[in-house]
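This report refers to the structure that appears directly beneath it.
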Amino acid sequence: MGIRRHTAVTSAALLATVLAVTLAGCDPIPGGGVISTVGEVDFDTPLAIPPLAESTTDADGRRIFDLTAESGETAFRSGAATSTAGFNQSYLGPTLVAEAGDEVVVNVHNELDESTTVHWHGMHLPAAADGGPHSLIEAGDTASPSWIIDQNAATLWYHPHLDGETERQAASGLDGLFIVQDAAESALPLPRDYGVDDIPVIVQDVRFDESNQFSSDVQGYIGAIGNELLVNGTVGPYLEVTTDLVRLRLLNASTARSYDFGFADARMFSLIATDGGLLEAPVPTGHVQLSPGERAEILVAVEPGETAVLRSTPPDLGQDAVQAQKNAGADSFDVLELRASAVLRSVATVPETLVPMTALAPADAAVTRTFTLSDSTINGKRMDMKRVDAAVTLGTTEVWSVSNSMAQPHNFHVHGVQFQILTVDAEPPSPELAGWKDTIFVPPGGQIRIIMRFDDYSDPAAPYMFHCHLLTHEDDGMMGQFVVVRPGELPAVELESMDMNHGG
Ligand code: C2O
Ligand code: CU
Ligand code: CU
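Numbering (our numbering), first residue to last: 1 to 504.
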């Protein structure tokens, strides 16, 4: 059993919350209270490593993958198995790996008893292959999106994107990693032996009911709040480390919860990559905060024979203590124990520099758009599959200014491109936000400005999405659509102005 005592602790906290709510009589959102598994995780199960997806090469040199979305049962802990879903297995999916320049085809078979879609989060690809809510795969059907990998080495991921159902399907286990490699990354002395010194760390918070089924009963404004973690689907995971430097690819695959990852002994590590790939240089730090959908790659040095516990401490959601407690902002988790062997191989080093990045200039932006996130809406509108909110001109740079008008946390994700962050609340981004990103936290009452280029893949009929990646918000309507069109071309779909276009 991975967790010893916290179930009792959280039941007590829950009871206290329920009592408080009953006494107050008016709060429909009790939230999660304060959850902590610090010191209470046994770390008695080897960390599961998602298998590498097998691929074949067809006559045209295309790399072909097969993913089958299926439902199943997974034994996470003693007692009854949990009803789950996964790709090619009962929970989560294999890790796809491809090189820049590869043409890939992914045959996605839907063996669920309902429709789904599979979206390639962070991928630069044609909208028709992006797997958004328009790319329905009916039960029993197969879709075969194809594209050429054309972006920096990065840790990307895939998950369903069914209109209004993304949270439920993603939370059931339909999530996996897609690692992009390229020559610049391969030339660096980084750990890259998958499952040995290059480790996927897919973090999800869950809550088991008395029958061991996933429960979303405890809700904050952010959505369902779990009280324990799965890492790659493992409860209480440890990892045998055999090298003196290990690369962790952290993915916050939670539907609602943000994490602030660090180590129990407060050791420093090197942040080397964020959503869209490597930073210009490693950033020495003691913690990295990830909101849902964000990724970070870190290099952690270990000494022979020691253990080091990856821990998440309360993230800064920009809320006061009361609100933070309602939104999983006061919680701490022991995540993963690294167990270093008595003798460690030395195969990698922390490079001085990584890959150069040319800053995009706001002066080059053809358009600045403004987006305001508010209750289940963007610019006052809920997602409507039939409404396209913006037409971006192929070959242009755009600045998007995103404001959160609420006292609640949100984040913002754009499909099809990686962006650079210009400002967070009018300040230049901190070093950990200075690289390529596709998802960014937007603090309560805050504003972020991002800049991106739309150089490829115009299609007046196939929209990309932009949305909050707190999936219950996305499902509730905090999502919009844009198309990329050639200069002078009109979108093939009805374009309703969201009053967010400002020349300049
Ligand atoms: Cu990871 Cu539109 O999503
Ligand atoms: Cu995405
Ligand atoms: Cu949100």
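The beta carbon of each residue, even a glycine, is placed where N, CA and C say it ideally should be. No experiment lies behind these values; they were computed from the predicted model shown.
Asked: Taking one C-beta from the stretch 173–183 and one from the stretch 134–145 each time, how about it: are there three or more such pairs within less than 8 Å?; Found: no
Asked: Tell me whether residue 492 sits in a helix, a strand or coil according to DSSP, three-state version.; Found: coil
Asked: Closest to residue 91 by CA distance: which of 191, 107, 172 and 156 is it?; Found: 172
Asked: Run the CB neighbour count on residue 415, radius 10 Å, all protein chains shown included, and call it buried at 16 or more, exposed below.; Found: buried
Asked: Rounded to the nearest angstrom, how far is the Cβ of residue 298 from that of residue 256, given a contact under 8 Å?; Found: So it is not a contact: roughly 23 Å between Cβ atoms.
Asked: With which residues is residue 52 paired in a DSSP beta bridge?; Found: 95
Asked: Taking 6 Å as the cut-off, is the C-beta of residue 465 nearer than that to any heavy atom in ligand 1?; Found: yes
Asked: With the cut-off set at 7 Å, would you say residue 329 and residue 319 are in Cβ contact?; Found: yes
Asked: Excluding the 5 residues flanking residue 429 on each side, which residues of the same chain have their C-beta closer than 6 Å to its C-beta?; Found: 421
Asked: Could you check if residue 311 is buried or exposed, using at least 16 other CB atoms within 10 Å of its CB as the buried criterion?; Found: buried
Asked: Can you pull the DSSP bridge partners for residue 262?; Found: 287 and 311
Asked: If you run the structure through DSSP and keep just helix, strand and coil, what is residue 355?; Found: coil
Asked: List, from N- to C-terminal side, the beta strand (DSSP E) runs of 3 residues or more that fit wholly inside the stretch 101–159.; Found: 103–110, 119–121, 146–148 and 154–159
Asked: Taking all protein chains shown into account, do 16 or more other C-beta atoms lie within 10 angstroms of the C-beta of residue 29, making it buried, or fewer, making it exposed?; Found: Any reading at residue 29 must be qualified, since the residue scores a pLDDT of 44, below 50, and its modelled position is unreliable; the value itself is stated next. Classification for residue 29: exposed.
Asked: Nearest to residue 387 by alpha carbon, out of 366, 450, 433 and 463?; Found: 463
Asked: If we ignore side chains and look at the alpha-carbon of each, how far apart do residue 127 and residue 240 end up?; Found: 41 Å
Asked: Is it buried or exposed for residue 356, if we count other Cβ within 10 angstroms and need 16 for buried?; Found: exposed
Asked: I'd like the span of the beta strand (DSSP E) that includes residue 345, first residue to last.; Found: 333–345
Asked: Whose C-beta lies closer than 6 Å to the C-beta of residue 62 among residues of the same chain, with five residues either side of it excluded?; Found: 103 and 105
Asked: Are the stretch 287–297 and the stretch 246–266 touching by the rule of at least three beta carbon pairs closer than 8 Å?; Found: yes
Asked: Judging by CA-CA distance, which residue of 216, 205, 96 and 365 is the nearest neighbour of residue 66?; Found: 96
Asked: With distances taken from CA atoms, which of 246, 84, 100 and 101 is nearest residue 93?; Found: 84
Asked: Mapping DSSP to helix, strand and coil, what is residue 418?; Found: coil
Asked: In chain order, what residues place their C-beta within less than 6 Å of a heavy atom belonging to ligand 3?; Found: 410, 468, 470, 473 and 478
Asked: Is residue 200 buried or exposed, if buried means 16 or more other CB atoms sit within 10 Å of its CB?; Found: buried
Asked: Is residue 386 helix, strand or coil by DSSP?; Found: coil
Asked: Does the count of Cβ pairs from the stretch 230–237 and the stretch 262–281 closer than 8 Å reach three?; Found: no
Asked: Give me, in chain order, the residues of the same chain whose beta-carbon lies closer than 6 Å to that of residue 264; leave out the 5 immediate sequence neighbours on both sides.; Found: 309 and 311
Asked: From 112, 120, 130 and 258, pick the residue whose C-alpha is nearest to that of residue 138; which is it?; Found: 112
Asked: Have a look at 331, 397 and 343 and flag the residue whose alpha-carbon is nearest the alpha-carbon of residue 260.; Found: 331
Asked: By the three-class DSSP mapping on this structure, what secondary structure does residue 78 have?; Found: coil
Asked: On a CA-only basis, which of 352, 399, 338 and 150 is nearest residue 367? Give me that one, please.; Found: 399
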